[in-house]
Amino acid sequence: MRSDVTRAHYDRLADRYDENWAYSPEFIRWMTDDILDRLRLGPGDLAMDLGCGTGLYSRGLARHASTVVCADPSPAMLEQLPADERLIPLHSGAEDLAEGRIAPPHDGYDAILLKEVLHHVTDPPRVLAGLARLLRPGGRMLVVMLPTSIDYPLFSAALRLFEERQPDPTGIVTAMGRSGLAAELSYDEFPLAFTVEHYTQMVRNRYMSLLSSFDDAELEAGISEIRREHSGPEVRFPDRFAFVLGVKA
Ligand SMILES: C[S@@+](CC[C@H](N)C(=O)[O-])C[C@H]1O[C@@H](n2cnc3c(N)ncnc32)[C@H](O)[C@@H]1O
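Under my numbering, the letters of the sequence shown match residues 2 to 250, in that order.
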């Protein structure tokens with residue numbers, strides 16, 4: 002997706018973004034624990050949440066690090082950050098930071114998180130190499146992303162488009178290795194359940210940026226397909242994530 006289209010998507014979604022996830026504080030807790038287990042933050046650590054969105058996971062980082070720079074190219078998403086002096090908003094995309102067009106407020110970071118961001122970045126290997134230079138010795142970079150295929154109860158055209166676009170986590174491991182990081186890949190999943198009514202409303206709200214590629218009529222046709230495929234009151238599916246952790250020597 003082009004960056005102006007991505008920005009418009011998140012600017013439009015910003016004030017409803019947390020609502021889509023508010024159904025499950027358990028999910029946020031589960032994901033926060035998975036992130037913290039891998040980033041192993043210490044109390045003096047400087048962290049960056051790049052593509053932080055509304056800061057759903059910046060809050061968890063701030064409980065363990067001294068400061069979290071929350072960077073995002075969408076001003077509307079940044080406006081939703083909670084007021085907390087340990088969260089420092091930075092209006093920037095990953096490319097501008099990686100290529101030095103925007104200077105972050107510190108010389109180096111102990112931890113950089115990119116959660117569900119890399120599919121928006123035009124040249125992930127180049128961006129990861131630039132970001133690796135922002136890590137202090139011993140610093141950790143964690144990319145959290147969906148795998149190459151998902152079991153979401155979406156309509157078939159959306160699932161096809163997802164598979165066409167989604168970068169492969171094994172390619173991220175290779176890119177981190179080439180950037181001088183020791184990289185490893187792991188997976189974890191969380192069981193989700195919604196009423197069909199709730200899930201189709203999330204789809205109508207275009208809760209995934211992918212859904213912005215469909216116009217209103219295509220989306221309604223997709224929702225009818227979801228209803229045909231799921232005649233019961235609920236949809237249940239595993240939300241599976243890849244975690245690529247890179248550590249700088
Ligand atoms: C799916 S949301 C994830 C937000 C947050 N990390 C979370 O997990 O709740 C993707 C975020 O990436 C941001 N984004 C889009 N393009 C980006 C880029 N080129 N560099 C950094 N962030 C980007 C969007 O504005 C949005 O806030």
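Ideal placement from N, C-alpha and C gives every residue a C-beta, glycine not left out.
Open item on the list: Using DSSP's beta-bridge definition, name the partner residues of Gly247.
Closed with: Met142, Ala184
Open item on the list: Here's the rule I'm using: 16 or more other beta-carbon atoms within 10 Å means buried, otherwise exposed. How should His121 be labelled?
Closed with: buried
Task: Endpoints, the alpha helix (DSSP H) within which Ala77 is located - done: 76–79
Task: Own chain partners of Leu82 with C-beta closer than 6 Å, once the 5 adjacent residues on each side are dropped - done: Gly56, Cys71, Leu88, Pro90
Open item on the list: If I follow the unbroken alpha helix (DSSP H) through Thr68, where does it start and stop?
Closed with: Here Thr68 belongs to no alpha helix (DSSP H); instead the beta strand (DSSP E) covers 68–73.
Open item on the list: Can you tell me which residues form a DSSP beta bridge with Phe215?
Closed with: Paired residues: none, contrary to the question.
Task: First and last residue of the uninterrupted alpha helix (DSSP H) at Ile113 - done: That residue, Ile113, is in no alpha helix (DSSP H); its beta strand (DSSP E) goes 110–116.
Open item on the list: Does Leu49 come out as helix, strand or coil in the three-state DSSP assignment?
Closed with: The displayed chain sequence assigns Met, not Leu, to residue 49. Met49: strand per DSSP, three-state reduction.
Task: Residues whose Cβ lies closer than 7 Å to any heavy atom of ligand 1, in chain order - done: Ser4, Thr7, Arg8, Tyr11, Asp50, Leu51, Gly52, Cys53, Gly54, Thr55, Leu57, Tyr58, Ala72, Asp73, Pro74, Ser75, Met78, Gly94, Ala95, Glu96, Lys116, Glu117, Val118, His121, Val122, Ser210
Task: Through-space distance from Thr149 to Leu79, alpha-carbon basis - done: 28 Å
Open item on the list: Our contact map puts Phe242 next to Leu147 with C-beta atoms below 8 Å; I'd like the distance itself, whole angstroms only.
Closed with: 6 Å
Task: N- and C-terminal bounds of the alpha helix (DSSP H) containing His107 - done: Element bounds for His107: n/a, residue is neither H nor E.
Task: Cβ distance (whole Å) where Leu212 is taken to contact Ala159 below 8 Å - done: 6 Å
- [ ] For the segment 13–23 and the segment 41–49, state whether three or more C-beta atom pairs, one from each stretch, are separated by less than 8 Å.
- [x] no
Task: Three-state secondary structure assigned by DSSP to Glu164 - done: helix
Task: Extent of the continuous beta strand (DSSP E) to which Pro170 belongs - done: Not the beta strand (DSSP E): Pro170 falls in the alpha helix (DSSP H), residues 170–179.
Task: Host beta strand (DSSP E) of Ile89 (start-end) - done: 88–92
Task: Assumed close pair Thr196, Arg228 - CB separation to whole angstroms, cut-off 8 Å - done: That pair is no contact at about 12 Å.
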